[in-house]
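Chains as they are written, first to last, in our numbering: chain A, 1 to 432; chain B, 433 to 864. All C-beta atoms, glycine included, are put in the ideal place defined by N, C-alpha and C.
Number of protein chains: 2
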Amino acid sequence: MQDRTHAAAATPGETVTVAGWAHEIRDLGGIAFLIVRDRTGKIQIKFEKDAMDDELVEAGTDLTRESVVAVTGEVEEEERAPTGVEIVPESVEVIAPAEPELPLDPSEKVGAELPTRLDNRTLDLRREEAKAIFEIRAEVLRAAREAFRDLECTEINTPKIVATGTEGGTELFPITYFGQEAFMNQSPQLFKQLMVGSGLERVFEVGPIFRAEEHNTPRHLNEATSIDFESAFIDHEEAMDACEQVVRAAYEGVAANCTDQLDTLGYDDFSVPEEAFPRLTYEEAIERINATGELDEQLVWGDDLPTEGEKALGSDVGGHYFVTDWPSEIKPFYIKDHDDGELSTGFDMMAPNMELVSGGQREHRHDHLVEGFEQQGLDPEAFEYYTKMFKYGMPPHAGWAIGAERLVMTMLDLPNIREAVLFPRDRQRLSP
Amino acid sequence: MQDRTHAAAATPGETVTVAGWAHEIRDLGGIAFLIVRDRTGKIQIKFEKDAMDDELVEAGTDLTRESVVAVTGEVEEEERAPTGVEIVPESVEVIAPAEPELPLDPSEKVGAELPTRLDNRTLDLRREEAKAIFEIRAEVLRAAREAFRDLECTEINTPKIVATGTEGGTELFPITYFGQEAFMNQSPQLFKQLMVGSGLERVFEVGPIFRAEEHNTPRHLNEATSIDFESAFIDHEEAMDACEQVVRAAYEGVAANCTDQLDTLGYDDFSVPEEAFPRLTYEEAIERINATGELDEQLVWGDDLPTEGEKALGSDVGGHYFVTDWPSEIKPFYIKDHDDGELSTGFDMMAPNMELVSGGQREHRHDHLVEGFEQQGLDPEAFEYYTKMFKYGMPPHAGWAIGAERLVMTMLDLPNIREAVLFPRDRQRLSP
Numbered sequence: 001m002q003d004r005t006h007a008a009a010a011t012p013g014e015t016v017t018v019a020g021w022a023h024e025i026r027d028l029g030g031i032a033f034l035i036v037r038d039r040t041g042k043i044q045i046k047f048e049k050d051a052m053d054d055e056l057v058e059a060g061t062d063l064t065r066e067s068v069v070a071v072t073g074e075v076e077e078e079e080r081a082p083t084g085v086e087i088v089p090e091s092v093e094v095i096a097p098a099e100p101e102l103p104l105d106p107s108e109k110v111g112a113e114l115p116t117r118l119d120n121r122t123l124d125l126r127r128e129e130a131k132a133i134f135e136i137r138a139e140v141l142r143a144a145r146e147a148f149r150d151l152e153c154t155e156i157n158t159p160k161i162v163a164t165g166t167e168g169g170t171e172l173f174p175i176t177y178f179g180q181e182a183f184m185n186q187s188p189q190l191f192k193q194l195m196v197g198s199g200l201e202r203v204f205e206v207g208p209i210f211r212a213e214e215h216n217t218p219r220h221l222n223e224a225t226s227i228d229f230e231s232a233f234i235d236h237e238e239a240m241d242a243c244e245q246v247v248r249a250a251y252e253g254v255a256a257n258c259t260d261q262l263d264t265l266g267y268d269d270f271s272v273p274e275e276a277f278p279r280l281t282y283e284e285a286i287e288r289i290n291a292t293g294e295l296d297e298q299l300v301w302g303d304d305l306p307t308e309g310e311k312a313l314g315s316d317v318g319g320h321y322f323v324t325d326w327p328s329e330i331k332p333f334y335i336k337d338h339d340d341g342e343l344s345t346g347f348d349m350m351a352p353n354m355e356l357v358s359g360g361q362r363e364h365r366h367d368h369l370v371e372g373f374e375q376q377g378l379d380p381e382a383f384e385y386y387t388k389m390f391k392y393g394m395p396p397h398a399g400w401a402i403g404a405e406r407l408v409m410t411m412l413d414l415p416n417i418r419e420a421v422l423f424p425r426d427r428q429r430l431s432p
Numbered sequence: 433m434q435d436r437t438h439a440a441a442a443t444p445g446e447t448v449t450v451a452g453w454a455h456e457i458r459d460l461g462g463i464a465f466l467i468v469r470d471r472t473g474k475i476q477i478k479f480e481k482d483a484m485d486d487e488l489v490e491a492g493t494d495l496t497r498e499s500v501v502a503v504t505g506e507v508e509e510e511e512r513a514p515t516g517v518e519i520v521p522e523s524v525e526v527i528a529p530a531e532p533e534l535p536l537d538p539s540e541k542v543g544a545e546l547p548t549r550l551d552n553r554t555l556d557l558r559r560e561e562a563k564a565i566f567e568i569r570a571e572v573l574r575a576a577r578e579a580f581r582d583l584e585c586t587e588i589n590t591p592k593i594v595a596t597g598t599e600g601g602t603e604l605f606p607i608t609y610f611g612q613e614a615f616m617n618q619s620p621q622l623f624k625q626l627m628v629g630s631g632l633e634r635v636f637e638v639g640p641i642f643r644a645e646e647h648n649t650p651r652h653l654n655e656a657t658s659i660d661f662e663s664a665f666i667d668h669e670e671a672m673d674a675c676e677q678v679v680r681a682a683y684e685g686v687a688a689n690c691t692d693q694l695d696t697l698g699y700d701d702f703s704v705p706e707e708a709f710p711r712l713t714y715e716e717a718i719e720r721i722n723a724t725g726e727l728d729e730q731l732v733w734g735d736d737l738p739t740e741g742e743k744a745l746g747s748d749v750g751g752h753y754f755v756t757d758w759p760s761e762i763k764p765f766y767i768k769d770h771d772d773g774e775l776s777t778g779f780d781m782m783a784p785n786m787e788l789v790s791g792g793q794r795e796h797r798h799d800h801l802v803e804g805f806e807q808q809g810l811d812p813e814a815f816e817y818y819t820k821m822f823k824y825g826m827p828p829h830a831g832w833a834i835g836a837e838r839l840v841m842t843m844l845d846l847p848n849i850r851e852a853v854l855f856p857r858d859r860q861r862l863s864p
C-alpha cells in the first residue's frame, strides 16, 4: 500500500489512508469511535451517525476487534482524541476480518499467562509491551555489531551442523545427516578460534546455539542466540575490555534509540553503566560471598559459585562485574591457565545476579591443547580438524560469548528469559 | 598485546612492536630479510649479520614459515622494501613456531585445490584472496542490515529447531529433541509471516537455513545463510522494490568500503547496478529464451525454466532481473495467486545467470491457506500453530529471501559457492 499513512504521521488537514487493526470500537449512540492501531501508534476514527452514510458507519463499527482495516478520510484536530487528532472517514475497507473469540486480547495491558502468549505470539506482539522488548532486542544486536566493527572485527558465520561438539558428546542434539551422525553446534568456540589463526585475526558472530541441557528454569533455553567475540594477539584482560565496550554499546544504543520502548515498559530510570566493571578474583568473590552471611555454608576454595552466592554477591556489588582467576579445574580445557597452573585466565561477567558472559584466554600451544582433550576424556583424534591448525602458527588469543537473551533479560529485568525470545525452545516447547 | 603496531601503521622514526606470521625468509648472505604478515599487510625486517648479535639474527632467520613472531625495532624508510619501510630489529620473539611441512602454502598466489583449502581454512584465509572474499561477505551483511533499517524493519531471530518444515517433511534434517521428532528449519518463512501479523509489521532476519537436498553442485549448499524480508501491507511489486534496494545497498557497501579487497581480487571494473532491474513476466521470459535458440527444445507454458534457459536469458538481459507472473502451479501454496487464479504473484530475481531471490505476495486468507495445505498433500493440523493466526486479522503481506552465499558468489563471479562460506556443508563435507 504505497499510499498508506502511518497513524503517528497523520497530520490535520490532510486526507489520508491508514491501515491497521481494529483496536477498540466504542459506540456512544449518536456517535461511535473506531481506534485503529498500526506499528507506529493508534488513531481515532469518528463516526457521526446522522451525518454519515449508514453503510459507512456500519463498516466502521460493526467489526470484530483485531480485524484488519483500511480507512480513508480527512485528519482533523480534536483535543479530546487520545492523540489530539482524529479521522473523519470517507471509506472503510475491512481487509481481513478477525474471529470474535481471540485466544488473547492485545488491547489489555496485562497479557495472558506466558504459555498462552507464547502459543499466540502474533497476537501477543500486538501488545505494546511485548513489541517493545523485541524492538529493544533488535537495537541491542545492532549496537553490538557496530561496537564489534569499532573493534575492527570481521563478521563470520560458522556451521551449525557439526561432526563433534565443543565439549564432547554430552548436551548435544543429534542429527541424521545423509546417513552420518552429526550434531547441532552448542557453540562457535572451535570455529571462531580457527578463524583468529587465519588472516582475519579478530572476528565476531551472532547466531543460534543449541544445548540439550535438561534444565527447565526461567533463565535457560535449549536454543539461544550467542554473541561471540574472539581475537588474536590479546589476553584475557583485553578480552574483558572488549566485552565491557560491547555491553556498554548495547546499553547506549537502547538509551539513545529506544526511548519510546523504555517508556512503554515503564523504565524511567534506565541507565548506561558508566563505571568500569569491577574485576574481582575468584578468591575475593568467595570471601565477599561468605562475608554476606547469606549462605548456610561457607564456600571454600575450589567450589563453584552457587546461584544463591551469585545473587548475594550481585546485590553486594550492585552492577556488572567480572570474576577472574578461577581454579583451573573449574574451567574448560581450551582456556589457558596462568603460568602457575593453579589459576585459569577464564572469566565470567555477571549482570549482576546472573552469568552473562563467559570467556578467557585460550590455550594456543598444540601440545597443551591435545593434553587438555585427553584430560577431559575426549578423543583428540575426533577434533583433529581443529587441533592440527595449532601446529601451523596459532597466535595467542582470547574471547568470550554473551547470550543475547540474557543480555536483554538482565537489561530490562525480565522475570523469564522466554520474554526475550520470540519462539522459545525448551523441553516442553517445540512449537510454534 | 596493547603495545602492538599493525604492519600497515609502522611509521619511519618510531620504535614499534609488530606481531604476525613469518611470511617469507630471504637470506642473501651478509643480509637477510624476514617478511612479517598481519591482518593489515606485510612489513620487511632487515638483518645485517655483521652489525647484529648472532642470537638476534638467528631468531629472525632460522624460522619456519608461518611461525608467529613479535618483532621490536625502529622503522626506517627504505625505497627497496616492498612497502617503502623496514624494521631494524632489536628483538625477535618466536611466539608459536609452525611445523615445517604446511598442508597449504599461504604465500602462494594460487592456492591448493578447493578440498585441501576447505580442510585447512585457517591457512587458506591467510591468503589475501580468500580473506578478501570474507571481508566482502561481512560488508554485504552489514550493508544489507542497514538497508533493512532504512526500510524500517525490525530484526528478528526465529527458531532453527522446528516441529514441521515449511514445505512438509521432504528435504529436512531430522533431529532427536528430548525424545520427540523435530527438524532443522529449512526457511524462516512461516515464522516471519507470523511476525508481520504482529505489531512489528515489517521484519528481517539473517540466519542459517538447512536443506537436506541431495544436490551436489557448485551452487548448492546443505547449510546456508538466508537473508529474509517480510512486510505487512505491501504487495509483490513493493517487495521487489525492497529487494532491489537491499541488493543495491550491498553492492554500494562493497564498492565504498572494500576497495582494497576488490583490488586484491582483481576487480577493476566492479560496478553497482544502476538501472532498475527489469521485470519480465514468465511469459516474456520463455519467449525470450526460445528466441535465443540456445535450447534444443522450445519451452511451453507451464515449464519451469531450465538452468540452460536461465543462462541464455541471463546473457540476453545482461544484469539482474525479475521474473514475475509464474503459473500458479509452479509456485508454493503460501504464495498468493493473482485474482484470475492462473498466475502467481511469486517472483524470482536472477543475478543474472542464477536464481538469487525468491519471493511473492503471500496468501493471507485463512480459508485459501488451509486449502493450499490440503492441495499440497500436507496436513493442515500439523501447521495449526501457523494457520490459526490467520483467523485473527492477518494483513496482506509480501516478502522474499536471498541466499547470502549466492549474493556474494554472483557479486564476485566466484566459480563455486563454497568459496563464499567458511566451512561448507554438503553431502561429502561435515567437517571441519
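In three-state DSSP terms, what is residue i?
{"i": "D241 (chain A)", "result": "helix"}
{"i": "D537 (chain B)", "result": "coil"}
{"i": "V254 (chain A)", "result": "helix"}
{"i": "I35 (chain A)", "result": "strand"}
{"i": "A112 (chain A)", "result": "coil"}
{"i": "E646 (chain B)", "result": "coil"}
{"i": "T122 (chain A)", "result": "helix"}
{"i": "I133 (chain A)", "result": "helix"}
{"i": "L412 (chain A)", "result": "helix"}
{"i": "A7 (chain A)", "result": "helix"}
Within 8 angstroms of any Cβ in chain B, is that where the Cβ of residue i sits?
{"i": "M411 (chain A)", "result": "no"}
{"i": "I43 (chain A)", "result": "no"}
{"i": "P396 (chain A)", "result": "yes"}
{"i": "N157 (chain A)", "result": "yes"}
{"i": "M354 (chain A)", "result": "no"}
{"i": "G360 (chain A)", "result": "no"}
{"i": "H364 (chain A)", "result": "yes"}
Would residue i count as contacting chain A if we go by Cβ distances under 8 angstroms?
{"i": "G804 (chain B)", "result": "no"}
{"i": "F665 (chain B)", "result": "yes"}
{"i": "N722 (chain B)", "result": "no"}
{"i": "Y683 (chain B)", "result": "no"}
{"i": "A442 (chain B)", "result": "no"}
{"i": "M782 (chain B)", "result": "no"}
{"i": "F479 (chain B)", "result": "no"}
{"i": "M672 (chain B)", "result": "no"}
{"i": "L557 (chain B)", "result": "yes"}
What does residue i reach in chain A if we use C-beta pairs closer than 8 angstroms?
{"i": "G639 (chain B)", "result": "G207, P208"}
{"i": "S499 (chain B)", "result": "G393"}
{"i": "E633 (chain B)", "result": "D38, R39"}
{"i": "Q612 (chain B)", "result": "L430"}
{"i": "K563 (chain B)", "result": "S198, G199, L200"}
In chain A, which residues lie with their C-beta within 7 angstroms of the C-beta of residue i?
{"i": "G867 (chain B)", "result": "The structure shown does not extend to residue 867 (chain B), since chain B is modelled only from 433 through 864, so no value can be given for it."}
{"i": "Y609 (chain B)", "result": "F173, L430"}
{"i": "G629 (chain B)", "result": "T122"}
{"i": "I527 (chain B)", "result": "P395, P396"}
{"i": "M484 (chain B)", "result": "Those within 7 angstroms of M484 (chain B) in chain A number zero; the least Cβ separation is about 24 angstroms."}
Chain A partners of residue i, CB-CB under 9 angstroms?
{"i": "E655 (chain B)", "result": "P159, K160, I161"}
{"i": "E545 (chain B)", "result": "By Cβ distance, chain A contributes nothing, its closest Cβ being about 17 angstroms from E545 (chain B), past 9 angstroms."}
In the DSSP output, what is residue i paired with across the bridge?
{"i": "M184 (chain A)", "result": "A:I161"}
{"i": "K478 (chain B)", "result": "B:F465"}
{"i": "S523 (chain B)", "result": "B:T504"}
What residues from chain B crowd round residue i, counting only those whose CB sits closer than 8 angstroms?
{"i": "L102 (chain A)", "result": "Y824"}
{"i": "L34 (chain A)", "result": "Those do not exist, as L34 (chain A) stays about 14 angstroms from chain B at its closest Cβ, beyond 8 angstroms."}
Segments assigned alpha helix (DSSP H), at least 4 residues, entirely inside the segment 731–801 of chain B:
739–749
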